[in-house]
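Comments concern the structure below.
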Amino acid sequence: MAREIFIVGCGYTGFKVAQREQKRGAHVRALVRSPGGAERLRASGIEPVPGDLDDRASLAALPVDESIIYYFVPPPAHGVDDPRLHAFLDAIGPQTRPHRLVLLSTTGVYGDCVGMWIDEERPPNPQTDRARRRLAAEQELQGWAHARGVPFAILRVAGIYGPGRLPIERLQRGSPVLREAESPWSNRVHVDDLVTACLAAADQNDSGRVYNISDGHPTTMTDYFNRVADACGLPRPLQISREQAKGTMSPEMLSYLSESRRLDNSRMRTELGVVLRYLTLADGLRACFRHPSAPPRAAGNGAGTDALPSAGRQEQN
Ligand SMILES: NC(=O)c1ccc[n+]([C@@H]2O[C@H](COP(=O)([O-])OP(=O)(O)OC[C@H]3O[C@@H](n4cnc5c(N)ncnc54)[C@H](OP(=O)(O)O)[C@@H]3O)[C@@H](O)[C@H]2O)c1
């Protein structure tokens, strides 16, 4: 019998997971909320299952029996819980038994760790509603999976980067960054390595484990923007003090900049057996600009290359 996969949130990461699973011979279904999205999936050999997690009535009995479920949908932008995950779990009929569920969360659940190295034993301490929603989703999944006897894994993911997921438009806009000395530690993972971790988490036998997913080589956020600028031939961004930033950056951006931590990824390497392809940002960026779908140098940079907006996505790490 083919390996059955159900992807919830077949976006940047989910689509790459789908492709990697297809290469292994899996049959892949994915939840999709627009006809255009369904067409795109079908063209790639993925079976679309219509449904919008913001509209419970649209969620018919989901075909997830015996399937590995990868859940990639972020919570909505408001509130302190995750009604989307709730709606999804509610739509799994009582007689349906998924094989396993892998949930993508973020390292934001740890809150500010004043630059310390942290592993998964660090108690979560979310300091924003954004992070509270993520922790609520983790807890909801844990409760549901225990009650239903469904094995699961939770991946707390650092900032995702990769081809088409670099803050190029932000750099082109000339948005400033914090002075290096005041810039918090930030953690990242190349999307190909994240995909490897997702599949490893789906394949393992343990249940209920939480994993930090990062390349294990944090640098400051300012260093990140500088390196991306260098890699695509753009000027490095202007550096400003934290005091100056208070007058110019958005509250969301400032909240990201108020958290600093360095992620220990030992558990990912030892328990999941993940061997990273891109150990450092330098390795990963080189690969981004070699990739066939990568933007050429900055001048030729088109749409879709700024999936790390102002810092929003990066700072979910
Ligand atoms: N970006 C980062 O640096 C980062 C870091 C840590 C964790 N994460 C988390 O990792 C996960 C994957 O990230 P990503 O960047 O690959 O995500 P992404 O490209 O933004 O994809 C998210 C997917 O969720 C779908 N979705 C959103 N709302 C939905 C709804 N109401 N019903 C059904 N589907 C819905 C989207 O569908 P449409 O295509 O229809 O919009 C899209 O396919 C997300 O939870 C993200 O927040 C991201």
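So the number in my numbering is just where the residue sits in the sequence shown, counting from 1, plus 802.
Backbone N, C-alpha and C define an ideal beta-carbon position, used for all residues, glycine too.
Query: Kindly indicate which three-state DSSP category H1019 falls into: helix, strand or coil?; Result: coil
Query: To the nearest angstrom, how far is it from the Cα of H948 to the Cα of L903?; Result: 12 Å
Query: What does the alpha-carbon distance come out to for the pair R972 and T1022?; Result: 17 Å
Query: Closer than 7 Å by C-beta to N1028: which residues in its own chain qualify, once you throw out the five before and the five after it? Chain order, please.; Result: R1038
Query: Strictly by DSSP, which residues pair up with N1014?; Result: R958
Query: Report, in whole angstroms, the separation of the C-beta atoms of P978 and L1059, which I expect to be a contact under 8 Å.; Result: That belief does not hold up - the Cβ atoms of P978 and L1059 are roughly 12 Å apart, past 8 Å.
Query: If you check the beta carbons only, do T998 and V875 fall under 7 Å apart?; Result: no
Query: Helix, strand or coil for E1045, going by three-state DSSP, please let me know.; Result: helix
Query: Measure the alpha-carbon distance for R990 versus L943 and round it to whole angstroms.; Result: 25 Å
Query: If we ignore side chains and look at the alpha-carbon of each, how far apart do L1078 and D1017 end up?; Result: 7 Å
Query: How long is the line joining the alpha carbons of R826 and G811, rounded to whole angstroms?; Result: 20 Å
Query: Hey, could you find the ends of the alpha helix (DSSP H) I970 is sitting in?; Result: 970 to 975
Query: Tell whether a beta-carbon distance below 7 Å holds between E868 and E806.; Result: yes
Query: Should Y814 be counted as a contact of ligand 1 given a C-beta to heavy atom distance under 6 Å?; Result: yes
Query: Taking S1068 as the reference, which of D921, A879, E823 has the closest Cα?; Result: D921
Query: Span of the beta strand (DSSP E) holding S907?; Result: 902 to 908
Query: Among R981, Y1013, L980, S988, which has the Cα closest to the Cα of L1142?; Result: The first residue shown for the chain is 803 and the last is 1119, placing residue 1142 beyond what the model contains.
Query: Could you give the distance in angstroms between the alpha-carbon of A960 and the alpha-carbon of G1035?; Result: 25 Å
Query: Using a Cβ-based criterion (distance less than 6 Å to any ligand heavy atom), does T908 qualify as near ligand 1?; Result: yes
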